[in-house]
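Before any comments, here is the structure.
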Amino acid sequence: MWENSVITNPGKELIKKCLNGKVLTITRAAVGMGTASNALLMEQTGLKSQKKIAQIIEKKEIASGVKIRVQVTSLNTPQSYTINQIGIWGAVEGTEALIAIYQDESGVVVPSTTESGDFVFNFWATIQISGQGNIEVNVDTSALVSRTSLDYELEIRDEKIKEAVNLKDNIAEIRKLISAADKYDSKKSYAKGEACTRDGVTYICESDINGGEPWTPSHWEFVPAGANLYRRVKYLLSESQADADLFIRIIEQMQKYVEVKTVEIPVSGWSNEAPYKQTVSLKGMREDFSPIISLHIETSSAPAVVRAQSKAYGNVDKIETGKDTLTLYCYSKKPSNDFTILVRGEKLEEVNFYG
Numbered sequence: 006m007w008e009n010s011v012i013t014n015p016g017k018e019l020i021k022k023c024l025n026g027k028v029l030t031i032t033r034a035a036v037g038m039g040t041a042s043n044a045l046l047m048e049q050t051g052l053k054s055q056k057k058i059a060q061i062i063e064k065k066e067i068a069s070g071v072k073i074r075v076q077v078t079s080l081n082t083p084q085s086y087t088i089n090q091i092g093i094w095g096a097v098e099g100t101e102a103l104i105a106i107y108q109d110e111s112g113v114v115v116p117s118t119t120e121s122g123d124f125v126f127n128f129w130a131t132i133q134i135s136g137q138g139n140i141e142v143n144v145d146t147s148a149l150v151s152r153t154s155l156d157y158e159l160e161i162r163d164e165k166i167k168e169a170v171n172l173k174d175n176i177a178e179i180r181k182l183i184s185a186a187d188k189y190d191s192k193k194s195y196a197k198g199e200a201c202t203r204d205g206v207t208y209i210c211e212s213d214i215n216g217g218e219p220w221t222p223s224h225w226e227f228v229p230a231g232a233n234l235y236r237r238v239k240y241l242l243s244e245s246q247a248d249a250d251l252f253i254r255i256i257e258q259m260q261k262y263v264e265v266k267t268v269e270i271p272v273s274g275w276s277n278e279a280p281y282k283q284t285v286s287l288k289g290m291r292e293d294f295s296p297i298i299s300l301h302i303e304t305s306s307a308p309a310v311v312r313a314q315s316k317a318y319g320n321v322d323k324i325e326t327g328k329d330t331l332t333l334y335c336y337s338k339k340p341s342n343d344f345t346i347l348v349r350g351e352k353l354e355e356v357n358f359y360g
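Per my numbering, the sequence shown starts with residue 6, numbered consecutively.
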């Protein structure tokens with residue numbers, strides 16, 4: 006599959022600049038339906054029929070260039086479609102172009118969200134150059150954990166995991182530990198990995214505390230409740246050497262509580278003076294939450310709209326959480342277009358967001 010792959014003519018021009026000392030940045034990826042004749046592939050400046058923005062989730066440097074892992078999920082997919090083309094965009098000094106395209110007539114069918122909400126397709130794209138060049142990659146670190154991704158990582162790193170433990174008992178123990186952790190007691194001993202609460206916040210003990218001690222922040226790590234659950238699962242499984250299938254089942258159990266919200270950021274909402282600031286409402290948000298936030302682009306968006314929204318989102322330097330609010334800051338330049346952000350969090354009993 007994907008035997009028809011080319012560097013486009015615009016891509017060749019950017020690579021020439023890269024070989025002459027400029028930085029080539031891999032900016033984004035997308036997938037589309039339909040095919041072009043092999044003779045015309047190099048001439049393409051866009052996909053035949055773009056369906057969805059893809060996430061670039063990993064990069065590997067190789068002797069002759071770079072390999073990037075592109076991921077497409079069934080999240081926010083109202084109807085199934087077939088991926089026949091995968092496009093990679095890059096930019097040199099602000100000039101962006103489709104630099105590489107991968108094509109397969111049979112393609113890969115992406116189901117709708119209702120058919121399979123956890124579908125994931127991973128594709129390794131190789132960008133090769135004939136000399137020394139500086140290539141950077143914009144990696145999206147916000148990709149959700151999926152069975153496929155986890156399976157891939159476990160296959161590489163966790164071959165020695167053998168013994169299984171009971172899923173139900175572990176989930177019950179973890180939930181009880183995190184949601185009903187006792188308040189910190191300076192006279193009590195704590196084991197590594199044990200939880201406590203202080204001022205309404207859950208903490209995980211980083212090393213054994215014998216005989217008690219006054220509250221020492223360096224001995225505890227604050228992580229929002231959802232992430233605490235994830236860390237505790239990993240800790241218990243490392244202690245019991247649970248098998249890979251169990252790990253996957255636990256992650257899938259946790260995924261049932263993933264909550265995704267979209268928030269509109271209007272261009273009219275920014276303050277007039279730097280640092281430019283905008284506060285938007287998001288019910289359920291709290292000051293101590295650390296959500297995963299990324300740019301949200303509709304699958305049907307035209308390339309010009311994608312570029313405008315990506316540029317607008319790129320001006321955001323910081324995002325702060327508050328009670329039912331998000332506050333965005335731009336220190337140097339105010340966005341000139343509306344855009345939408347995707348806020349991912351984990352909803353246990355009380356809607357907690359994790360980072």
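Glycine included, each C-beta is placed from N, C-alpha and C at the ideal position.
Quick caveat: nothing in here was measured; it's all calculated off a predicted structure.
{"Query": "Under three-state DSSP, which class holds glutamine 314?", "Result": "helix"}
{"Query": "Hey, quick one: how far does the beta strand (DSSP E) through isoleucine 214 stretch, first residue to last?", "Result": "Unbroken run through isoleucine 214: none, as it is neither H nor E."}
{"Query": "Taking 7 Å as the threshold (C-beta atoms), are phenylalanine 128 and isoleucine 91 in contact?", "Result": "yes"}
{"Query": "On the three-pair Cβ rule with 8 Å, is the stretch 97–108 touching the stretch 31–48?", "Result": "yes"}
{"Query": "Excluding sequence positions up to five away, which residues of its chain have a Cβ less than 7 Å from the Cβ of arginine 291?", "Result": "Thr326 and Lys328"}
{"Query": "Taking the alpha-carbon positions, what's the isoleucine 286 to aspartate 145 distance?", "Result": "At residue 286 the sequence reads serine, which differs from the isoleucine that was named. Between serine 286 and aspartate 145, the C-alpha separation is close to 25 Å."}
{"Query": "What's the call for isoleucine 12, buried or exposed, on a 16-neighbour Cβ count within 10 Å?", "Result": "buried"}
{"Query": "Please go through the same chain and pick out, in chain order, the residues whose beta-carbon is closer than 6 Å to the beta-carbon of phenylalanine 126, but skip the five residues on each side of it.", "Result": "Val77 and Val113"}
{"Query": "Using DSSP's beta-bridge definition, name the partner residues of lysine 288.", "Result": "Partner(s): none; lysine 288 has no beta bridge."}
{"Query": "Is it right to say serine 315 is buried, meaning 16 or more other beta carbons lie within 10 angstroms of its own, or is it exposed?", "Result": "buried"}
{"Query": "Count the other CB atoms, across all protein chains shown, that sit within 10 Å of the CB of tyrosine 336; report buried if there are 16 or more and exposed otherwise.", "Result": "exposed"}
{"Query": "Can you list, in chain order, the residues of its chain whose CB lies under 7 Å from that of isoleucine 214, leaving out five sequence neighbours each side?", "Result": "Ser194, Tyr195 and His224"}
{"Query": "What are the residues that DSSP puts in a beta bridge with phenylalanine 126?", "Result": "Val77"}
{"Query": "At which residues does the beta strand (DSSP E) containing leucine 300 begin and terminate?", "Result": "297–301"}
{"Query": "Using DSSP bridges, identify the partner residues of glutamate 141.", "Result": "Thr30"}
{"Query": "Out of Val310, Arg74 and Pro340, point me to the one whose CA is closest to serine 276's CA.", "Result": "Pro340"}
{"Query": "Take aspartate 343 as the anchor and find which of Lys17, Tyr189, Gly319 and Pro219 has the nearest alpha-carbon.", "Result": "Gly319"}
{"Query": "Helix, strand or coil for lysine 323 per DSSP?", "Result": "strand"}
{"Query": "Terminal residues of the continuous alpha helix (DSSP H) containing glycine 16?", "Result": "14–24"}
{"Query": "Classify glycine 95: buried if its beta carbon has 16 or more other beta carbons within 10 angstroms, exposed otherwise.", "Result": "buried"}
{"Query": "Kindly indicate which residue of Lys21, Arg74 and Gln84 has the alpha-carbon position closest to the one of threonine 364.", "Result": "Nothing in the structure corresponds to residue 364, since the chain is present only between 6 and 360."}
{"Query": "Considering glutamine 55, what are the terminal residues of the beta strand (DSSP E) in which it resides?", "Result": "54–67"}
{"Query": "Which residue comes first and which comes last in the beta strand (DSSP E) that contains glutamate 110?", "Result": "100–115"}
{"Query": "My assumption, with CB atoms under 8 Å, is that isoleucine 104 sits in contact with alanine 130. Please give the rounded CB distance.", "Result": "Actually they do not touch by this definition, with Cβ atoms about 10 Å apart."}
{"Query": "Can you tell me where the beta strand (DSSP E) with asparagine 43 in it begins and where it stops?", "Result": "First-last for asparagine 43: undefined, no H or E at that position."}
{"Query": "Buried or exposed: which applies to glutamate 244, given that a residue is buried once 16 or more other Cβ atoms fall within 10 Å of its Cβ?", "Result": "The predicted model places glutamate 244 with a pLDDT of 46, which falls under 50 and marks its position as unreliable, so this point remains unresolved."}
{"Query": "Give the range of the beta strand (DSSP E) segment to which glutamine 90 is assigned.", "Result": "86–97"}
{"Query": "Return the bridge partner residues of tryptophan 225 from the DSSP annotation.", "Result": "Cys210"}
{"Query": "Is alanine 309 helix, strand or coil by DSSP?", "Result": "helix"}
{"Query": "Should serine 363 go down as buried or exposed, given a rule of 16 or more other Cβ atoms within 10 Å for buried?", "Result": "The shown model of the chain, from 6 to 360, leaves out residue 363, and the question about it has no answer."}
{"Query": "Pick helix, strand or coil for glycine 136, following the three-state DSSP scheme.", "Result": "coil"}
{"Query": "In this structure, does DSSP put glycine 274 in helix, strand or coil?", "Result": "helix"}
{"Query": "List the whole-angstrom C-beta distance separating arginine 74 from glutamate 66, where the pair is believed to meet the contact cut-off of C-beta under 8 Å.", "Result": "Going by Cβ atoms, the distance from arginine 74 to glutamate 66 rounds to 13 Å, so no, they are not a contact pair."}
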